[in-house]
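Enquirer: Attaching a single structure in structure tokens format; questions to follow.
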Amino acid sequence: NNIQDQINGLTLHSTRIIYPHDAKNGVTYTITNNTAIPYLLQARLLPWEGNSSSKTANENTEAADENLTAFIALPPLQRFEPGETLTLRILQKHHLLAQDKESIAQLSLTAIPAQSKEAAEGAQMILAVQNNLKLFYRPAGLPEHHLDNIAEQLQFQRTKNTLTLKNPTPFYVTLASLSVGKNALNLSSSRMIPPFGEAQWPLDASHMGSDIHWQLMEDDGGTDKMRTRQLSAM
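The working numbering numbers the first residue of the sequence shown as 1206 and each following residue consecutively.
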């Protein structure tokens, strides 16, 4: 199922991109201009900048620089007409990415609206529309990506004031929701847990009980079923 996001009249036909190791001709990504004005669309592959509070078991600062040149989007710059559906092709430039876990990059899309003659002669400000999408590269040799199997391996640990989630899998895990008892946790800074990494959330008096409820994000950007686990405090 395609998850479509509307951003100022631009339709993104999915919220994330999966790049399998055997995609010899690259992968495609589609965006539609549902407005009455043309845009100039810039597409770039950049290091993923989100979720900086999560940490990996073996942090490698070179990984982000690696992602910067690992992929390229074509065309990098394109006039985007009203009603047009544009297909971008993403190609892998080299094979130096980690082979024992997923790698992540971001597809940065910047749409600059065309100026009318009247606006060009005046002093009006033009606002560009930007959106960053996750791209996950899956090397050969990883087990099949199945959310049920991944969810079973996730390790929750609770102390009095902290909930820790450890991800022992070679995949990025993205939470759609997480709650302790009946109270949801704030996922704004720790929604995505890297391979072999972990994330922590502070708990307060409102987070009573030992029931943990969570949902994961699917490959197409949709939300997986609600899962529940009972924990005892450490």
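By construction, the Cβ of each residue, glycine as well, lies at the ideal position given by its N, Cα and C atoms.
Being a predicted model, the structure only gives us computed values, none of them experimental.
How would you write the range of the beta strand (DSSP E) that N1238 sits in, first residue to last?
Expert: Per DSSP, N1238 belongs to the beta strand (DSSP E) from V1232 to N1238.
Enquirer: Among the residues of its own chain, which have a CB less than 6 Å from the CB of I1223, if the five just before and after it don't count?
Expert: Contacts found: F1341 and D1424.
Enquirer: Do you know how far the Cα of I1317 is from the Cα of L1332?
Expert: Cα to Cα, the separation comes out at about 7 Å.
Enquirer: If you check the beta carbons only, do P1281 and A1248 fall under 7 Å apart?
Expert: Taking 7 Å as the Cβ cut-off, P1281 and A1248 qualify as a contacting pair.
Enquirer: For Q1435, which residues from the same chain have a beta carbon less than 7 Å from its beta carbon, with the 5 sequence-adjacent residues on both sides left out?
Expert: Contacts found: S1415 and D1416.
Enquirer: Counting pairs of beta carbons, one from the region 1333-1353 and one from the region 1361-1371, are three or more of them closer than 8 Å?
Expert: With the cut-off at 8 Å, the region 1333-1353 and the region 1361-1371 do not touch.
Enquirer: Where in the region 1324-1384 do unbroken runs of the alpha helix (DSSP H), each at least 4 residues long, occur, reported from the N-terminal end onward?
Expert: Entirely contained in the region 1324-1384, the alpha helix (DSSP H) runs reaching 4 residues are, in chain order, 1352-1358.
Enquirer: Suppose you measure from the CA of Q1297 to the CA of A1319; what does that come to, to the nearest Å?
Expert: When rounded, the distance between both Cα atoms is 31 Å.
Enquirer: If you measure between the beta carbons of T1237 and T1220, is that distance less than 7 Å?
Expert: The answer is no: Cβ separation not under 7 Å.
Enquirer: With burial defined as no fewer than 16 other Cβ atoms inside 10 Å of the residue's Cβ, what is the status of R1343: buried or exposed?
Expert: Buried, because 16 or more other Cβ atoms sit within 10 Å of the Cβ of R1343.
Enquirer: Helix or strand or just coil, what does DSSP make of A1389?
Expert: Strand, per DSSP.
Enquirer: Just to confirm, is the Cβ distance from E1147 to F1376 under 7 Å?
Expert: Summary: the structure shown does not reach residue 1147, with the chain confined to residues 1206 through 1439, and so no result is reported for it.
Enquirer: What residue does the beta strand (DSSP E) around R1284 start on, and which one ends it?
Expert: Counting along the chain, the beta strand (DSSP E) containing R1284 begins and ends at L1282 to F1285.
Enquirer: Relative to the C-alpha of L1380, which residue among E1403, Q1360, F1276 and Q1420 is closest?
Expert: If we check each option's Cα against that of L1380, Q1420 comes out closest.
Enquirer: How far does the beta strand (DSSP E) with G1402 in it extend, from its first residue to its last?
Expert: Per DSSP, G1402 belongs to the beta strand (DSSP E) from G1402 to P1407.
Enquirer: For I1295, I'd like the list of residues in its chain whose CB is within less than 6 Å of its CB, leaving aside the five on either flank, ordered along the chain.
Expert: Answer for I1295: G1231, V1232, F1276 and A1278, listed in chain order.
Enquirer: Does at least one heavy atom of the ligand NAP sit under 6 Å from the Cβ of Y1224?
Expert: Annotation note on the ligand NAP: not contained in the displayed structure, which lists no ligands.
Enquirer: Taking only the alpha-carbon atoms, compute the straight-line gap between M1422 and H1299 and give it to the nearest angstrom.
Expert: Each residue's Cα considered, the two are about 28 Å apart.
Enquirer: Going by DSSP in three states, A1275 sits in which element: helix, strand or coil?
Expert: If DSSP states are grouped into helix, strand and coil, A1275 belongs with the helices.
Enquirer: Could you tell me which residues DSSP pairs with D1416 in its beta bridges?
Expert: In DSSP, D1416 forms a bridge with Q1435.
Enquirer: Nearest-angstrom Cα distance between K1430 and S1384?
Expert: Approximately 14 Å, taken between the alpha carbons.
Enquirer: Considering only residues of the same chain and omitting the five flanking positions on each side of L1352, which have a CB-CB separation below 7 Å?
Expert: These residues qualify, in order along the chain: L1421, E1423 and D1429.
Enquirer: According to the neighbour-count rule (16 or more other Cβ atoms, all chains shown, within 10 Å of its Cβ), is A1389 buried or exposed?
Expert: With fewer than 16 Cβ atoms within 10 Å of its Cβ, A1389 is classed as exposed.
Enquirer: Give me the Cα-Cα distance between L1246 and D1227, rounded to the nearest whole angstrom.
Expert: Cα to Cα, L1246 sits roughly 28 Å from D1227.
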